[in-house]
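Enquirer: If you count the sequence shown from 1, position 199 lands on 1459 in our numbering, and the numbers rise without skipping.
Structure provided below as structure tokens; questions to follow.
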Amino acid sequence: MSPADPVPSERARARAAFRRAQHRRALAVAGVASALVVALVVWVVTTAPGWERARDAFFSPERAWEVLPEVAEGLWLNLRVWVVASVVGLVVGLLLAVVRTSRIPALFPARVATVLYVDVFRGVPVLLVLLLVGFGLPALRLTWLPTSAAFLGGLAIVLTYTAYLAEIFRSGIESVHPSQVAAARSLGLTRGQTVRRVVLPQAVRNVTAPVASVLVSLQKDSGLISILGAVDAIRAAQIATTGDYNFTPYVVAGVLFLLVSIPLTRLVDAWSARQGWRGSLRGVAGAGALR
1261 MSPADPVPSE
1271 RARARAAFRR
1281 AQHRRALAVA
1291 GVASALVVAL
1301 VVWVVTTAPG
1311 WERARDAFFS
1321 PERAWEVLPE
1331 VAEGLWLNLR
1341 VWVVASVVGL
1351 VVGLLLAVVR
1361 TSRIPALFPA
1371 RVATVLYVDV
1381 FRGVPVLLVL
1391 LLVGFGLPAL
1401 RLTWLPTSAA
1411 FLGGLAIVLT
1421 YTAYLAEIFR
1431 SGIESVHPSQ
1441 VAAARSLGLT
1451 RGQTVRRVVL
1461 PQAVRNVTAP
1471 VASVLVSLQK
1481 DSGLISILGA
1491 VDAIRAAQIA
1501 TTGDYNFTPY
1511 VVAGVLFLLV
1521 SIPLTRLVDA
1531 WSARQGWRGS
1541 LRGVAGAGAL
1551 R
């Protein structure tokens, strides 16, 4: 503490000590409650009549180590589909949101098409979209269209998640106050410059957390491409299971998906908490100087 810092009063020190004690007590209660729940779950599972058979069928360490390379190679396909689908979905979704919120009369047909697209693909289950795209497009025999299961599965996921991203970006654009647009136009910016330099930067920043949450869900749903025959992590686990009907490969695939999704989820939660903290201070004078 530097000489210029004020010395806390006795009451302030007492409040700080009370908060620390309360925090320690809360941590202790949470730890004990969590330990009891875990112990109860372990006891229920391990004392079940069929536990030994289930353990051998689902949690075989030798089988897990044996199939890990094949399942990990399949996960690499899931990650590639996720990255490509995320990039395409973000770009196209933002463009659709701009079109839908535009008031240019010439874009009226595009706005109607965007509304129909968003309504349809938000209302149809992604599994059904996968089946329709995976089996419907090859039936058209379009020579210029790739027919690999990975491409068609990724296309179906892009079609579904782009609709969600477009709606999120639209809400972000509409969250920008009209006075921001009016101020930009009064400074001489054109309509396009106002959208690019004023509206979109604020809109994207306002919806970063929900967009990130959708991308985490997209990573999980990339495993659905296995129903079209793509050898991803889930299909690799299924192939490994057919020989001995040991389901440990599915557990391995699930663990690998968790190793990707849990860190992403925690990053999104941390970002959301940070945005919520800063957002709650926007109306406070001098809040920008707080850390």
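Positions of the beta carbon are idealized from the N, C-alpha and C atoms, including for glycine.
1) Is it buried or exposed for Gly1539, if we count other Cβ within 10 angstroms and need 16 for buried?
2) Compare the beta carbon distance of Leu1425 and Leu1355 with 8 Å and say whether it is the shorter of the two.
3) Does the stretch 1477–1489 come close enough to the stretch 1410–1429 to have 3 or more Cβ pairs within less than 8 Å?
4) Looking at C-beta atoms only, is the number of pairs between the stretch 1423–1439 and the stretch 1467–1475 that lie closer than 8 Å three or more?
5) So the alpha helix (DSSP H) Tyr1505 belongs to, where does it begin and stop?
6) Ser1532 to Ile1522, Cα distance in whole Å?
7) So, with DSSP's three-state summary, where would you put Pro1438?
8) Please report how far the alpha carbon of Arg1445 lies from the alpha carbon of Leu1460, in whole angstroms.
9) Might you give, ordered along the chain, the residues of its own chain that have their beta carbon closer than 8 Å to the beta carbon of Arg1551, omitting 5 neighbours on each side?
10) State yes or no: is the C-beta of Val1348 within less than 8 Å of the C-beta of Val1418?
11) Is Ala1277 helix, strand or coil by DSSP?
12) What separation, rounded to the nearest whole angstrom, lies between the Cα atoms of Thr1374 and Trp1404?
13) Would you mind giving the Cβ-Cβ distance between Thr1395 and Val1389, rounded to the nearest angstrom? I have them listed as a contact below 8 Å.
14) Counting pairs of beta carbons, one from the stretch 1295–1309 and one from the stretch 1494–1503, are three or more of them closer than 8 Å?
15) On a CA-only basis, which of Ala1290, Val1301, Ala1317 is nearest Thr1502? Give me that one, please.
16) Taking the alpha-carbon of Val1476 as reference, which of Val1528, Ala1314, Ala1513, Tyr1377 has the nearest alpha-carbon?
17) May I have the straight-line CA-CA distance separating Asp1504 from Arg1323, to the nearest angstrom?
18) Give me the Cα-Cα distance between Thr1508 and Val1301, rounded to the nearest whole angstrom.
19) From Ala1549 to Ser1439, what does the alpha carbon distance come to, in whole angstroms?
20) Just to confirm, are Ala1345 and Leu1478 a CB contact at a threshold of 8 Å?
Expert: Answer, in terms of the structure:
1) Residue confidence for Gly1539 is low, a pLDDT of 46 falling below 50, so the modelled location carries little weight and cannot support an answer.
2) By the CB criterion at 8 Å, Leu1425 and Leu1355 fall outside the cutoff.
3) Yes, the stretch 1477–1489 touches the stretch 1410–1429.
4) These segments touch.
5) Tyr1505 -> no alpha helix (DSSP H), and no H or E assigned at all.
6) The straight-line gap separating the alpha-carbon atoms of Ser1532 and Ile1522 is approximately 15 Å.
7) In the structure shown, Pro1438 sits in a helix (DSSP, three-state: H, G or I).
8) Taking the straight line from one Cα to the other gives about 15 Å.
9) Residue placement at Arg1551 is flagged as unreliable, the pLDDT there being 29, under the threshold of 50; the coordinate-derived value follows with that caveat. Within the same chain, Arg1551 has no close Cβ partners at all.
10) Going by beta carbons, Val1348 and Val1418 fall inside the 8 Å limit.
11) Ala1277 falls in the helix class under three-state DSSP.
12) Each residue's CA atom was taken as its position, placing Thr1374 and Trp1404 some 25 Å apart.
13) The sequence given here has Phe at residue 1395, not Thr. Incorrect: roughly 11 Å between the Cβ atoms, too far for contact.
14) These segments do not touch.
15) Nearest of Ala1290, Val1301, Ala1317 to Thr1502, Cα basis: Ala1317.
16) Relative to the Cα of Val1476, the nearest Cα in the group Val1528, Ala1314, Ala1513, Tyr1377 belongs to Val1528.
17) A direct Cα-to-Cα measurement between Asp1504 and Arg1323 gives close to 10 Å.
18) Take the alpha-carbon of Thr1508 and the one of Val1301: they are about 20 Å apart.
19) Bear in mind that the predicted position of Ala1549 carries a pLDDT of just 32, short of 50, making it unreliable; the figure below should be weighed with that in mind. Straight-line measurement puts the Cα of Ser1439 at about 25 Å from the Cα of Ala1549.
20) Cβ atoms of Ala1345 and Leu1478: closer than 8 Å.
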